[in-house]
Structure formats: structure tokens, C-alpha cells
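Just so we're aligned: the sequence shown equals residues 213 to 335 in the working numbering.
C-beta atoms are modelled at their ideal positions from N, C-alpha and C, and glycine is treated no differently.
These numbers come from a predicted model, not from an experiment.
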Amino acid sequence: MRQHIRRSLAVVSVSAAAALALGTSPSSAAVHPNLYEGYSAGSVSYNPANDVVKVKDLKQDGRSFGVVVFGPATEGRGGHCLVGGKGKTRTCDFSFGSGRVNFEVYTKRGGNHWVVDRFQTRT
Numbered sequence: 213m214r215q216h217i218r219r220s221l222a223v224v225s226v227s228a229a230a231a232l233a234l235g236t237s238p239s240s241a242a243v244h245p246n247l248y249e250g251y252s253a254g255s256v257s258y259n260p261a262n263d264v265v266k267v268k269d270l271k272q273d274g275r276s277f278g279v280v281v282f283g284p285a286t287e288g289r290g291g292h293c294l295v296g297g298k299g300k301t302r303t304c305d306f307s308f309g310s311g312r313v314n315f316e317v318y319t320k321r322g323g324n325h326w327v328v329d330r331f332q333t334r335t
């Protein structure tokens, strides 16, 4: 999973370097790819073009699966995207500014939650 993020960051860095070599600004030329992370309990995908987050619960274990989204780019509009039930999916439509977005993936049962992973990307 961490290797996937490193590869994504490397692609963005190479895109920015190519844009500078061509004389364009990195912000206009850098395209941030869709992000997908899979775990045994569920999956998370993020589309930076429209700030849509999708979560899917993959286990029938009595826990919900979700992600909390926060960071400077969320401008206070972050939040939770949570789904419960094996095979169920939830789509959450956020509206972020440009910049860093942090994700904390977790499972939840009752008032308890367990962090599965943390990562960040840029919009």
C-alpha cells in the first residue's frame, strides 16, 4: 500500500518536472490519478477531479468500514464516509480546495473504532 502511494507521488513529481521542461506551470500540468486502496476489511477510492470518495465493506464481521477525510484542502468540509454490511458501498461527495487531503481508514463497532491505515494525497 505504501509502495502504491510512493509510486503515485513519483508519477506526480515526474509530471511536474516534465511540465517545467516544457515551460508550463506544474499546477496546470500535473494530473493526480484516482487513488484506490484495498484492505481485507474493505476498500477506499478517491477521485481528485470531483472529490468523490467511495468505501466498500468486504467482510461480514459486525464492523463498519470507513474513512475520515481532513486536512488543509478540505477547508472544514471533510468528514466521515462509513458503510456497514458485507458487499455494501457508500459514495460521499465532498468539495475540497486545492492542496493536501489526509485519509484515516478505520473499522468501527459500536463506540469503538480501530485505525487500519493513514495516508495523504493532493487535490
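Own chain, CB closer than 8 Å to residue i, minus 5 neighbours either side, in chain order
i: Ala253; result: Asp269, Leu270, Lys271, Asp273, Arg275, Phe277, Thr319, Val328
i: Asp263; result: Asp305, Phe306, Ser307, Phe308, Thr335
i: Arg289; result: Phe306, Ser307, Phe308
i: Gly299; result: Lys268, Asp269, Leu270
Residue i Cβ short of 7 Å to the ligand ZN heavy atom set
i: Arg334; result: With respect to the ligand ZN, the structure shown offers nothing to examine, as it has no ligands at all.
Contact under 8 Å by Cβ, residue i with residue j
i: Val313; j: Val279; result: no
i: Phe315; j: Val281; result: yes
i: Ala285; j: Gly250; result: no
Classification of residue i by the beta-carbon crowding that lies within 10 angstroms, buried from 16 upward
i: Arg321; result: exposed
i: Tyr258; result: buried
i: Ala261; result: exposed
i: Thr301; result: exposed
i: Thr303; result: exposed
Beta-carbon proximity list for residue i, same chain, < 6 Å, skipping 5 on both sides
i: His389; result: In the structure as shown, the chain begins at 213 and stops at 335. Residue 389 is therefore absent and cannot be evaluated.
i: Glu287; result: Gly309
i: Asn246; result: Asn259
Exercise for review: Starting from the N-terminal side, write out each stretch of the beta strand (DSSP E) that is 3 residues or longer and does not extend beyond the stretch 249 to 310.
Suggested key: Counting whole runs of 3 or more residues, the stretch 249 to 310 contains the beta strand (DSSP E) stretches 254 to 259, 264 to 269, 276 to 282, 291 to 296, 301 to 305.
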